Amino acid sequence: MHAKLAHVGHLSSFIVEIKKFGSNNDLSLKEIREGERFNLIVKVLHISEVIKDEWMLFVWDGTDAPPLPIETKLEDETENPLPLQLEPCPVSRDILCTFPAVGTVLRVIVDQGDEKLGLHLVKAGRWVKLSNIKCEVRDGLWRGVLMPFTKLRYLPDDDDLIIHCQRIYDERVASKWRRMPLLSFPWPSYITETGYPDVPFVTLMNVLNYTEVLHLFSTSI
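In terms of the UniProt record's numbering, the sequence shown has 179 at position 179, counting the first letter as 1, and numbering is strictly consecutive.
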């Protein structure tokens, strides 16, 4: 019980910190909403030309995007299964293994032929502020859209907001329940029980990076 209360207290503090993120229009990925304009301060993990003259950014800030309902019938999955990614060709495992194990990686597209943002010049590993970005839902997955009025600005690594993002992320991964998604706050529902109550809680990214073929773990999907 004491461990559970401590966990609740830790996540409460973490969520309060996220709400202090910036101005009223600066959101973390945890707070994104469909169809509205807002600003995101994110780290560019990867950039790819998915089709000719159309680029996709893979961005992250250490938080979890809101969960989405899957609006499809189970019997339709055989003929028309939902995609596991939005890009036409999946990202290679070597690149995926460089992504952080915790936090949503948001796919962000830009209009075809819109070169004013110079996305092909953006380097992975840089923190940026995306002003006036929109988000939409495609096939049960979040997607960011850079519009003609969207602005991209580079941020230095010692920017106060970047330090804040990194600090709350470090605090999250340092906690006992660091791999648990924020949507499970304050405590996950015990839908099922297993005979392995002490196995570690991990994300699917952890599983992808694990060196052993057979391994016991718990995860939430």
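Yeah, the Cβ is synthetic: ideal placement off N, Cα and C, and Gly gets one too. Since the model is a prediction, treat every value here as computed from it, not as a measurement.
Item                                                                                             : Value
D158, DSSP secondary structure in three states                                                   : coil
Option in E36, V173, L45, G35 with minimal Cα separation from V128                               : L45
Buried/exposed call for N25, threshold 16 Cβ in 10 Å                                             : exposed
Proximity winner among P100, W142, A124, relative to E34 (alpha-carbon distances)                : W142
Where I47 sits in the DSSP three-state scheme                                                    : strand
Any 3 or more C-beta pairs closer than 8 Å across the region 154-167 and the region 86-103       : no
Rounded separation between L40 and V173 - CA only                                                : 22 Å
Residue range of the alpha helix (DSSP H) that includes R93                                      : 93-96
Close Cβ partners of S48 (< 6 Å) along its chain, the five nearest in sequence each way excluded : M56
Of the residues K123, F58, I109, the one placed nearest V91, counting alpha carbons only         : F58
Where K30 falls, given that 16 or more other Cβ within 10 Å makes a residue buried               : buried
Collapsed DSSP secondary structure at C135 in the structure displayed                            : strand
Given T131 as reference, the closest of A124, L121, L155 once Cα atoms are compared              : Reading off the sequence shown, one finds Ser at residue 131, where the question assumed Thr. Taking only the C-alpha atoms, the option nearest S131 is L155.
Cα-Cα separation, D139 to I70                                                                    : 8 Å
DSSP bridge partner residues for G144 (one or two, in chain order)                               : V108, C135
Option nearest R126 by Cα separation, candidates F38, D53, V110, D61                             : D61
Where L152 sits in the DSSP three-state scheme                                                   : strand
Boundaries (first-last residue) of the beta strand (DSSP E) holding L68                          : That residue, L68, is in no beta strand (DSSP E); it is neither H nor E in DSSP.
Distance between P67 and I133 (C-alpha atoms, nearest Å)                                         : 19 Å
When F149, V105, V122, D53 are compared against R37, the one with the closest alpha-carbon       : F149
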